[in-house]
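Under our numbering, the first residue of the sequence shown is numbered 423, with each subsequent residue one higher. Yeah, the Cβ is synthetic: ideal placement off N, Cα and C, and Gly gets one too. The structure under discussion appears below in the form of structure tokens.
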Amino acid sequence: MKITFYGTRGILPSGAQMSCAWVDAPGGSFAIDLGSSDLMEDPARVAALDHVLLTHLHPDHIDQLPRLLAAQPDVTVLAPEPVEGVCQLDSVPASWRGLRLEAALTNHPKKNFAYKLSDESATVVWTGDGSYSPELAAFCRGADVIICEATLKEVPAEEAVAIGHMTPALFAKLMNEAAPAKAVATHFSELDPPEYLSEVRKYLHPGIELIAAHEGLTLEV
Ligand SMILES: [Zn+2]
Ligand SMILES: [Zn+2]
């Protein structure tokens with residue numbers, strides 16, 4: 423599977439490309455989240471976009487959904503909550519575009535699905551929004567690549583859990599417990615990517631490769 427990032431910021435800085443990626447899978451392509459206007463400005467991608475996984479219904483993840491629906495009214499959407507006016511699956515299918523699919527709720531103020539996608543050679547988790555939780559770590563265990571949100575600067579863990587987002591220390595805790603080969607930070611908000619990564623490195627097991635997503639990054643997994 424091949425993952426191409428279109429948006430790797432959160433609410434901050436305002437006007438940036440927010441949560442969004444394009445995934446090429448054995449059974450076809452799809453998007454994860456729709457926070458990027460850049461994706462909507464690619465006519466070939468929009469014409470091919472008939473399947474979308476939404477992590478949740480906060481604006482930084484669905485900002486471009488109305489635009490997509492105008493172009494593709496029959497798009498098939500999976501989300502943890504009902505979306506008005508959308509052709510939507512009412513349960514998580516075991517298979518999605520030729521990949522095995524699982525979903526788990528995270529600790530976030532709005533219902534958020536972390537998605538686990540597997541093919542014959544690799545398993546990827548895309549967390550969407552949420553703080554560290556033991557349940558999320560258990561869900562992620564065994565994944566080769568974990569793509570995780572990077573919203574908060576360092577604050578006490580209890581505060582981050584109450585807010586429902588990751589600090590650098592909690593990001594590292596999740597990765598150390600889940601032990602992927604590769605940890606990918608995305609959805610940067612309070613800290614810019616280099617600052618976030620240098621904070622994470624204070625806690626992260628050195629055997630785990632750490633990278634920052636950026637617009638245009640392609641991961642082949
Ligand atoms: Zn978000
Ligand atoms: Zn959110």
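Identity of the residue in Ala438, Arg489 and Gly457 nearest aspartate 482 by Cα
Along the sequence shown, read from residue 1 onward, the residue named residue 482 stands at position 60. Distances from the CA of aspartate 482 to each of Ala438, Arg489 and Gly457 were compared; the closest alpha carbon is that of Gly457.
Best match in Trp444, Ala579, Pro448 and Ala591 for proximity to leucine 475 [C-alpha to C-alpha]:
Here residue 475 refers to the residue found at position 53 when the sequence shown is read from its first residue. Ranking the options by Cα distance to leucine 475, first place goes to Trp444.
Measuring from the CB of glycine 432, is there a heavy atom of ligand 1 at a distance below 8 Å?
Counting from one through the sequence shown, the residue named residue 432 turns up at place 10. Result yes, Cβ under 8 Å from ligand 1.
For alanine 635, which residues from the same chain have a beta carbon less than 6 Å from its beta carbon, with the 5 sequence-adjacent residues on both sides left out?
Looking up residue 635 in the sequence shown gives position 213. Excluding residues within five positions, the ones whose Cβ falls inside 6 Å are Phe427, Thr430, Val606 and Thr608.
I believe glycine 520 touches aspartate 551 by the beta-carbon criterion, under 8 Å. Please report the beta-carbon distance rounded to the nearest angstrom.
Numbered from 1 along the sequence shown, position 98 holds the residue referred to as residue 520. Numbered from 1 along the sequence shown, position 129 holds the residue referred to as residue 551. That belief does not hold up - the Cβ atoms of glycine 520 and aspartate 551 are roughly 27 Å apart, past 8 Å.
Ligand 2 heavy atom lying under 8 Å from the CB of asparagine 598:
Working through the sequence shown from its first residue, we reach residue 598 at position 176. Within the chosen limit of 8 Å, ligand 2 does not reach the beta carbon of asparagine 598 with any heavy atom.
So the beta strand (DSSP E) lysine 375 belongs to, where does it begin and stop?
Lying before the first or after the last residue shown, residue 375 is absent from the chain, which here runs from 423 to 643.
Report the three-state DSSP secondary structure of tyrosine 537 (helix, strand or coil).
In the sequence shown, the residue the question calls residue 537 occupies position 115. Note: tyrosine 537 maps to strand in three-state DSSP.
To which residues does DSSP link arginine 431 through a beta bridge?
Taking the sequence shown and counting its residues from 1, one reaches residue 431 at position 9. DSSP lists Met440 and Phe610 as partners of arginine 431.
Give me, in chain order, the residues of the same chain whose beta-carbon lies closer than 6 Å to that of proline 615; leave out the 5 immediate sequence neighbours on both sides.
On the sequence shown, position 193 is the one that residue 615 refers to. Within the same chain, Ala634 come within 6 Å of proline 615 by CB-CB distance, once the 5 residues on both sides are set aside.
Can you list, in chain order, the residues of its chain with a C-beta nearer than 7 Å to that of leucine 527? Leave out the 5 residues immediately preceding and following it.
Position 105 of the sequence shown holds residue 527. The residues Pro502, Lys533, Asn534 and Phe535, in chain order, have a CB closer than 7 Å to that of leucine 527 in the same chain once the five nearest residues on each side in sequence are set aside.
Is the beta carbon of aspartate 566 less than 9 Å from the beta carbon of alanine 603?
Taking the sequence shown and counting its residues from 1, the one referred to as residue 566 is at position 144. Taking the sequence shown and counting its residues from 1, the one referred to as residue 603 is at position 181. Cβ atoms of aspartate 566 and alanine 603: closer than 9 Å.
Got a sec? Which residues, its chain only, sit under 8 Å from tyrosine 625 by beta carbon, not counting five neighbours each side?
Here residue 625 refers to the residue found at position 203 when the sequence shown is read from its first residue. Closer than 8 Å at the Cβ level, and outside the excluded window around tyrosine 625, lie Pro590, Ala591, Ala594, Lys595 and Asn598.
Could you tell me the distance, in whole angstroms, from the CA atom of aspartate 512 to the CA atom of serine 459?
Taking the sequence shown and counting its residues from 1, one reaches residue 512 at position 90. Taking the sequence shown and counting its residues from 1, one reaches residue 459 at position 37. So the two alpha carbons sit approximately 27 Å from each other.
How long is the line joining the alpha carbons of alanine 453 and glutamate 621, rounded to whole angstroms?
Position 31 of the sequence shown, counting from 1, holds the residue named residue 453. Position 199 of the sequence shown, counting from 1, holds the residue named residue 621. CA-CA distance, alanine 453 to glutamate 621, rounds to 30 Å.
Range covered by the beta strand (DSSP E) that runs through histidine 473:
Counted from its first residue, the sequence shown places residue 473 at position 51. Counting along the chain, the unbroken beta strand (DSSP E) around histidine 473 starts and ends at 473-475.
Local conformation of serine 517 per DSSP, three classes:
Here residue 517 refers to the residue found at position 95 when the sequence shown is read from its first residue. Strand, per DSSP.
Can you tell me which residues form a DSSP beta bridge with alanine 559?
For the purposes of this step, residue 559 is taken as the residue at position 137 of the sequence shown. The partner list for alanine 559 (beta bridge, DSSP) is empty, contrary to what the question assumes.
Using DSSP bridges, identify the partner residues of leucine 527.
Taking the sequence shown and counting its residues from 1, the one referred to as residue 527 is at position 105. DSSP, once it has assigned bridges, lists Phe535 as partnering leucine 527.
Label glycine 629 either buried or exposed according to how many other C-beta atoms from any shown protein chain fall within 10 Å of its C-beta, with 16 as the threshold for buried.
Counting from 1 along the sequence shown, the entry for residue 629 is found at position 207. By the neighbour-count criterion, in which a residue is buried when 16 or more other Cβ atoms sit within 10 angstroms of its Cβ, glycine 629 is exposed.
So which residues put a beta carbon under 6 Å from any heavy atom of ligand 2, going in chain order?
The set of residues with CB atoms less than 6 Å from any heavy atom of ligand 2 reads, in chain order, His478, His480, His530, Lys532 and Asp551.
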